[in-house]
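Asks: My questions will all concern the structure given below.
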Amino acid sequence: MKETIAVLFGGQSSEHIVSCMSAANVIDHIDKEKYNLLLIGITEEGHWLKTDSVEDIRSGAWREGRVEAVLSPDATEKCVLVMDGSGVQRIKVDVVFPVLHGLYGEDGTVQGLLELAKIPYVGCGVLASAVAMDKLYTKIIVDDLGIRQAAYVAVMKDDLTDMDSVVSKVESRFPYPVFVKPSNAGSSRGVSKAENREGLTAALEEAVKHDRKILVEEMIVGHEIECAVFGGGKTEVSASGVGEILAAADFYDFDAKYFNEESRTVVDPELPEGAAERVRQAAMAIFKAIDGYGISRVDFFVKEDGEVVFNEINTMPGFTAISMYPMLWEARGISKRELVDNLITHAKERM
Numbered sequence: 121m122k123e124t125i126a127v128l129f130g131g132q133s134s135e136h137i138v139s140c141m142s143a144a145n146v147i148d149h150i151d152k153e154k155y156n157l158l159l160i161g162i163t164e165e166g167h168w169l170k171t172d173s174v175e176d177i178r179s180g181a182w183r184e185g186r187v188e189a190v191l192s193p194d195a196t197e198k199c200v201l202v203m204d205g206s207g208v209q210r211i212k213v214d215v216v217f218p219v220l221h222g223l224y225g226e227d228g229t230v231q232g233l234l235e236l237a238k239i240p241y242v243g244c245g246v247l248a249s250a251v252a253m254d255k256l257y258t259k260i261i262v263d264d265l266g267i268r269q270a271a272y273v274a275v276m277k278d279d280l281t282d283m284d285s286v287v288s289k290v291e292s293r294f295p296y297p298v299f300v301k302p303s304n305a306g307s308s309r310g311v312s313k314a315e316n317r318e319g320l321t322a323a324l325e326e327a328v329k330h331d332r333k334i335l336v337e338e339m340i341v342g343h344e345i346e347c348a349v350f351g352g353g354k355t356e357v358s359a360s361g362v363g364e365i366l367a368a369a370d371f372y373d374f375d376a377k378y379f380n381e382e383s384r385t386v387v388d389p390e391l392p393e394g395a396a397e398r399v400r401q402a403a404m405a406i407f408k409a410i411d412g413y414g415i416s417r418v419d420f421f422v423k424e425d426g427e428v429v430f431n432e433i434n435t436m437p438g439f440t441a442i443s444m445y446p447m448l449w450e451a452r453g454i455s456k457r458e459l460v461d462n463l464i465t466h467a468k469e470r471m
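Using my numbering, the first residue of the sequence shown is number 121, and each one after it goes up by one.
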């Protein structure tokens with residue numbers, strides 16, 4: 121008998137559209153001979169809707185749906201409640217693939233719901249998801265590992281009532297240009313490069329729209345490198361090779377990632393001797409340190425002298441047609457179909 125996989129997509133974060141793109145690609149590569157699919161989209165307002173086709177996900181038509189579907193937190197049922205206006209249907213679910221990026225999906229919230237329901241799910245658990253989503257707390261953990269990362273100043277929303285004081289604090293720490301990032305956001309949402317005091321003020325005002333905690337970081341000049349990680353639990357943690365981002369924009373912001381065709385990715389780029397292996401080892405160490413499980417993409421800078429500098433870790437990385445995570449494993453001979461199957465199998469081993 122086929123098992124049932126519920127695929128969650130969309131969500132209330134600023135990465136809603138990317139999640140839909142990723143989910144469509146994941147769904148295309150799920151083995152339909154092994155699994156029945158239950159597709160559940162979450163609108164930007166937080167409304168959960170059942171949809172029946174990947175075509176509706178790609179077109180956006182799913183948002184006009186009328187059939188509601190929500191995960192039951194009842195651990196004795198392990199089901200999705202489907203409501204079409206004529207009653208409630210309980211569909212037993214064997215595993216959930218939460219293809220949700222950013223807040224309210226990649227940050228431990230949905231993972232907590234799934235833990236309550238005792239339904240196996242793809243990806244990191246509550247702790248790892250929450251910690252990796254919060255760049256400030258990730259930095260605190262990585263500091264303890266002794267892995268080099270960009271120097272930073274943490275800024276809280278309340279600090280911005282005295283903007284001059286915040287700006288002075290940053291300027292006393294490192295020179296312009298600097299990068300300003302919301303602590304909790306993904307796909308470079310709310311991230312800005314500030315060249316001067318006026319730009320820093322504007323960047324802080326933009327970042328605080330996305331989170332109450334902000335990071336201001338020194339600029340690191342180097343290759344933008346990504347590494348895919350898989351495993352955890354009973355499965356040994358492994359890392360792919362590395363890939364390089366060649367951004368069309370001044371830096372790899374949201375539009376450059378997903379909508380600028382001039383942005384390119386290169387698998388196994390030329391790097392200073394030993395740098396790729398140092399990236400791989402650091403990626404696995406960071407994944408283990410946050411108690412990672414299943415899937416993550418770890419991002420670094422590699423400087424011209426070969427120094428490796430950690431940037432961030434994503435616990436549900438993009439899975440679009442141009443995303444680095446599946447591309448890196450494909451370069452190691454693991455197809456998207458095999459990768460998705462491995463992730464689902466691994467999810468069922470956690471419980």
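Glycine included, C-beta positions come from ideal geometry on N, C-alpha and C.
1) Measuring from the CB of P437, is there a heavy atom of the ligand COA at a distance below 7 Å?
2) Does the distance from the CB of H472 to the CB of S142 come in under 8 Å?
3) Please state whether DSSP places A376 in a helix, a strand or coil.
4) Could you check where the alpha helix (DSSP H) with V399 kicks off and where it finishes?
5) Counting along the chain, where does the alpha helix (DSSP H) carrying M141 start and finish?
6) Just to confirm my understanding: we take G161, look at its own chain, exclude 5 residues before and 5 after, and list those with CB closer than 6 Å. What are they?
7) Determine the direct distance from the alpha carbon of I211 to that of E432, and round the result to whole angstroms.
8) Can you name, in chain order, every residue of its own chain whose Cβ lies under 7 Å from the Cβ of G353, other than the five neighbours on each side?
9) Check whether the Cβ atoms of I239 and K198 sit closer than 8 Å, and answer yes or no.
10) Please report how far the alpha carbon of Y372 lies from the alpha carbon of V190, in whole angstroms.
11) What is the residue span of the alpha helix (DSSP H) that K468 lies within?
12) Below 8 Å, can you find three or more Cβ-Cβ pairs linking the segment 328 to 346 to the segment 261 to 274?
13) Check each candidate in T440, T258 and K289 and name the one with the smallest Cα separation from A405.
14) For V460, which residues of its own chain have a beta-carbon under 7 Å away from its beta-carbon, when the five flanking residues on both sides are left out?
15) Contact defined as beta carbons within less than 8 Å: I believe V422 pairs with P392. What is the distance between those atoms, to the nearest angstrom?
16) Buried or exposed, going by whether 16 or more other CB atoms sit within 10 Å of the CB of R398?
17) Alpha carbon to alpha carbon, how far is D284 from V127? Give it in angstroms, no decimals.
18) Can you give, in chain order, each stretch of the alpha helix (DSSP H) that sits fully within the segment 251 to 319 and has at least 4 residues?
19) Out of G310, E291 and K301, which one is the CA nearest neighbour of R317?
20) When DSSP builds the beta bridges, which residues end up paired with T355?
21) Does the beta-carbon of A314 have 16 or more other beta-carbons within 10 angstroms, so that it is buried, or is it exposed?
22) With a CB to CB cut of under 6 Å and the five nearest residues on each side skipped, what residues in its chain are close to V362?
23) Which residues does DSSP list as the beta-bridge partners of E429?
24) Would you mind giving the Cβ-Cβ distance between I177 and I410, rounded to the nearest angstrom? I have them listed as a contact below 8 Å.
25) Which residues mark the beginning and the end of the beta strand (DSSP E) in which L335 is found?
26) On the CB-based measure, 16 or more other CB atoms within 10 Å of its CB, does A237 come out buried or exposed?
27) Starting from I239, follow the beta strand (DSSP E) in both directions and report where the run begins and ends.
28) Looking only at its own chain, which residues have a Cβ that is under 6 Å from the Cβ of R417, when we skip the five neighbours before and after it?
29) Inspect the beta-carbon positions of L233 and P193 and report whether they are closer than 8 Å.
Replies: Quick look at the numbers:
1) In the structure shown, the ligand COA is absent, as is every other ligand, since no ligand is present at all.
2) The chain is shown only over 121 to 471; residue 472 falls outside these bounds and no answer can be derived.
3) Note that A376 has pLDDT 49, beneath the 50 cutoff, so the model's placement of it is unreliable and no number is given.
4) A395 to A409
5) H136 to D148
6) For G161, where only same-chain residues beyond five positions count, the Cβ hits under 6 Å are F129, G130, L169, T171 and W182.
7) Rounded to whole angstroms, E432 to I211 spans 37 Å at the Cα level.
8) Y413, E469 and R470
9) yes
10) With a pLDDT of 47 at Y372, under the threshold of 50, the modelled position of this residue cannot be trusted; read the value that follows with caution. Looking at the two C-alpha atoms, the distance is approximately 35 Å.
11) K456 to K468
12) yes
13) Nearest C-alpha to A405: T258.
14) V146, H149 and I150
15) 7 Å
16) A residue is called buried once 16 or more other Cβ atoms fall within 10 Å of its Cβ, and R398 is buried on that count.
17) 47 Å
18) 255 to 265 and 283 to 293
19) E291
20) G352
21) A residue is called buried when at least 16 other Cβ atoms come within 10 angstroms of its Cβ; A314 meets this threshold and is buried.
22) I345, C347, A396 and V399
23) It is worth fixing the name first, because residue 429 is Val in this sequence and not Glu. Answer is F421, bridged to V429.
24) Incorrect: roughly 30 Å between the Cβ atoms, too far for contact.
25) K333 to E338
26) With 16 or more other Cβ atoms within 10 Å, it is buried.
27) I239 -> no beta strand (DSSP E), and no H or E assigned at all.
28) So the list reads E346, A348, N434, P437 and Y445, once near-sequence residues are dropped.
29) yes
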